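Just so you know, we're using our numbering here: the sequence shown kicks off at 1122 and counts up by one.
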Amino acid sequence: MSDQHTYKFNVKMTCTGCSGAIDRVLKKTEGVSEYDISLEKQEVLVKGTIPYDDLHAKIAKTGKQIISGETVA
């Protein structure tokens, strides 16, 4: 039940403030073991046990537009 997953989200981020908002949310989200935010690629990679829908909601709460999201592993 506590399987580790890897998720990839394409998120519209225009500045370091955008990526910083996502960083602050992910830092304190339970079930996230590691993450990488690429402003250049407009991409957020997250590893953890958190369910996809919960993670999607957390990122969406920052007000940033999620263009797409998928489970990659």
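Yeah, the Cβ is synthetic: ideal placement off N, Cα and C, and Gly gets one too.
These numbers come from a predicted model, not from an experiment.
- In the three-state reduction of the DSSP assignment, K1129 falls in the strand class.
- Approximately 7 Å separates the beta-carbon atoms of V1146 and K1182; this is inside 8 Å, confirming the contact.
- Distance check between T1135 and each of E1151, E1155, K1162 and V1153 places K1162 closest, using alpha-carbon atoms only.
- Judged by DSSP secondary structure, V1167 falls outside any alpha helix (DSSP H) and instead within the beta strand (DSSP E) spanning E1164 to G1169.
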